[in-house]
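So the structure is just underneath, and the comments pick up after that.
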Amino acid sequence: MTIEKGDIELAGVFKRFGNFTAVDGVNLKVPDGAYCCFLGPSGCGKTTILRMIAGHEDPTEGEILIGGQNVVGMPPVQRRTAMMFQSYALFPHLSVRDNVAFALRVRGQSKQERYRAADSMLERVHITELADRLPGQLSGGQQQRVALARAAITEPKVLLLDEPLSALDEQLRIQMRTELRRMQRDLGITFIHVTHTQLEAISLADIVVVMERGKIKQAAPARDVYAQPKDRYVAEFLGGQNVLSGKVERINGETVLINAPDTEGIVVPLRDGMRPRDGAAVDIAVRRDDIRLRRPAAGAAADGWNAVNTRVLAVEYQGMYVKVILDSGSDREFVAYVPEREFFETAFSIGEIVVATWMAGQSLLLA
Amino acid sequence: MTDRNRKTGWFFAAPLVVVLIPFFIATIAVVLIASFLEHDGFGGMIASFTLENYADLLRSDLTWKLYLSMVKFSVLTWIGTLVIGFWVAYFLVFHVRNPLLSIGLFLLGTVPFWTSNIIRMISWIPLLGKEGLINSTLRATGVIDEPLEFLLFSDFAVVVAYVHQLTIFMIVPIFNSMARIDKRTIEAALDAGATRSEIMRWIVVPLSKSGIALGSIFVLSMVMGDFFVVKVMSGGGSASIVSALFEDIAVLQYPPAAANAVVLLIVVVVVISLILRTVDVRKEITR
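First to last, the sequence lines map onto chains A and B.
Following my numbering, the numbering of the first sequence begins with 1 at its first residue and continues without gaps.
Following my numbering, the numbering of the second sequence begins with 1 at its first residue and continues without gaps.
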């Protein structure tokens, strides 16, 4: 494989602040031109990784390679990275045009030259008419465009975005999400985007990197992370999954029989490289939209279906679907997303005993 | 309705008006009127109108000399306080990582101000004097044979004392405006490839401008209004406008003193308004 210019590789990267380990041995490869999202709760080390790639922080240990070259110790300009800061960090005393042209001014370009470049960049983010304003006179979305233009003007190999949408309101966030993706395709460079919002990550990214306490839990395409979470943490953090626990009863070839309360035993397909021992405690995940609800009187479940006896605790109308909150027997959430029309054909009432069923093949054994 | 609004407005402004009228407007009015009166040379003022006081003042060589020395002291002190004040503030804001430590050091910087001005000034004498610490050290180490005379009771000593007394008035507003600079803008500039000196010139200094302006106003108006430091630290060799004014009062020549005061006031107001033209200080205060 040839090394592309915007490839990023993290090799055994650690970052410690005193006794606290912010990044704990991270290995990751991001191909050139990919949109990569780091996803995790605050304090999981995702921003620290971003700042290390940017060169605003040095790793305690390990190597960071951009385009095959170890960049540890290099200043940001030499790395050919550009960062878009959380809450944008625009220069408050400079006009929008001067903000965007700042990096070119540093490079000693003449006023005419850099203003021409800045104006064409402003055009690309559709804020030409704001060129002479000060950042303080702009709305959040406009400031974000300025920040994007300022970061992109140096034609970086990698653009680093630290929670770029968190300062915006819901409507604008969705709009800017599309815009970011469009810009990324336009520029054709690697984007590394840090966020704590699951939806943002899976809607934007080619690669989602889920982190917890300085470690990567799973790094995979959005669909894999959502539909095939590796472990309980990823399943619960991404949402959309019910996580159930039980004990391994026995392994039958390709499937595992799991014993859990209120069931006759749950059958789960074995996953590559996973071979739990008999009697071991395991977690399984079932997508909330894969669960079918039925009344006990409707008879036993068909072959190849798992069934759990439960009770409806609450119902939330969501428009496209109805969120039915079920009794899981523990404090863990057990939820079924029932399509709106289907729900109102049967209309389960709160407190009613129901059977939650799903196809055995659709459940997932978690690490 | 508007009538009532006007009444409420006056009501809210009343405390300020009550303070400003006797202590500011009335006093200035008295000085202004006195400056146009004739005097009998024995402390009496004759109710009349004359420009003689101003004419005398502006014809006198002494006045021009004093203003020249005021300009000299102001500029030197301003440079001294600005250089030291800017770097102290810069250090506290950008190099002390721990905000608590930064505030602590900042407060520590104010400790000398818990003693009186006079003590702080007089404490320079054993240091700078003919037999003072600096001279005796330099002589003991053989750097010089004769004591350095310029150290004390000289213009140098005056500037040293001014800088010592007034630097804090530069530090505080600059610290204040620097503390408001978002550290990430510095990082953003670094990210764009700016060097330290470029960050200083294009980011830190422009964003500290209002603090620098406020500090300059404090320092300059205090130097221009001083007479005590000049008198003590120059050993009587130099004087200031205010000391001339003080002499007038000592010999009961109130109208010339008043004219002198009015001219000084005008000069100070002009200087301050020139500074205010460069920055919007109102923005700084209200933010």
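We put the beta carbon where it would ideally sit given N, CA and C, even for glycine.
Here the structure is a predicted model, which is why all the values come from computation and not from measurement.
Proximity to residue 163 (chain A) across A:151, A:141, A:84, A:128 peaks at A:84, based on C-alpha coordinates. Taking a Cβ-Cβ threshold of 8 angstroms, the residues of chain B close to residue 83 (chain A) are 187, 188, 191, in chain order. Three or more Cβ pairs closer than 8 angstroms define a contact, and the region 193-202 of chain B falls short of that threshold against the region 241-261 of chain B. Residues 258, 259, 260 of the same chain have their beta carbon placed closer than 6 angstroms to that of residue 246 (chain A), with the five preceding and five following residues left out of the count. Per DSSP, residue 352 (chain A) lies in no alpha helix (DSSP H) segment and is marked neither H nor E. Chain order gives no chain B residues near residue 193 (chain A), where near means a beta carbon separation below 8 angstroms; the closest approach is about 16 angstroms.
Residue 283 (chain A) sits in a strand when the DSSP states are folded into three classes. Residues of chain B whose Cβ lies closer than 7 angstroms to the Cβ of residue 20 (chain A) do not exist; the shortest such Cβ separation is about 15 angstroms. Nearest in C-alpha terms to residue 333 (chain A), of all of A:310, A:183, A:346, is A:310. Residue pairing from DSSP places residue 36 (chain A) in a beta bridge opposite A:192, A:207. Residue environment for residue 135 (chain A): buried (at least 16 other C-beta atoms within 10 angstroms of its C-beta). Closest option to residue 339 (chain A), judged by alpha-carbon separation, among A:319, A:72, A:16: A:319. Judged by DSSP in its simplified three-state form, residue 246 (chain A) adopts strand. Residues of chain B with a Cβ closer than 8 angstroms to the Cβ of residue 154 (chain A) are, in chain order, 192, 193. The Cβ atoms of residue 191 (chain B) and residue 82 (chain A) sit closer than 9 angstroms to each other. Residue 133 (chain B) and residue 152 (chain B) do not touch by the CB rule: their CB atoms are close to 11 angstroms apart, not below 8 angstroms. Listed along chain B, the residues sitting closer than 8 angstroms to residue 107 (chain A) by beta-carbon distance are 193. When the beta-carbon positions are compared, residue 69 (chain B) and residue 261 (chain B) stay at least 9 angstroms from each other. Residue 227 (chain B) is positioned such that its CB atom lies closer than 9 angstroms to that of residue 241 (chain B). If the five residues before and after residue 150 (chain A) are omitted, its C-beta is found closer than 6 angstroms to the C-beta atoms of 99, 100, all from its own chain and listed in chain order. If you compare the alpha carbons of B:136, B:170, B:139 with that of residue 223 (chain B), the shortest gap goes to B:170.
Contact between residue 363 (chain A) and residue 286 (chain A) holds, since their C-beta atoms are separated by about 5 angstroms, short of 8 angstroms. Looking at the backbone, the Cα of residue 160 (chain A) and that of residue 359 (chain A) are separated by about 41 angstroms.
Contact check for residue 216 (chain A) and residue 26 (chain A): beta-carbon distance about 6 angstroms, within the 8 angstroms limit, so the pair qualifies. For residue 77 (chain A), the closest Cβ of chain B is nearer than 9 angstroms. With a contact defined as Cβ atoms closer than 8 angstroms, residue 92 (chain B) and residue 113 (chain B) miss out at about 16 angstroms. In the DSSP assignment, residue 248 (chain B) falls within the unbroken alpha helix (DSSP H) covering 241-250. Note that the C-beta distance between residue 11 (chain A) and residue 62 (chain A) is below 9 angstroms.
Rounded to whole angstroms, residue 211 (chain A) and residue 290 (chain A) show a C-alpha spacing of 26 angstroms. In the structure shown, residue 155 (chain B) falls within a helical segment according to DSSP collapsed to helix, strand and coil. By the neighbour-count criterion, in which a residue is buried when 16 or more other Cβ atoms sit within 10 angstroms of its Cβ, residue 274 (chain A) is exposed.
In the structure shown, the three-state DSSP call for residue 75 (chain B) is helix. When DSSP states are grouped into helix, strand and coil, residue 172 (chain B) belongs to the helix group. At least one beta carbon of chain A lies nearer than 9 angstroms to the beta carbon of residue 198 (chain B). The alpha-carbon of residue 297 (chain A) is positioned some 13 angstroms away from that of residue 356 (chain A).
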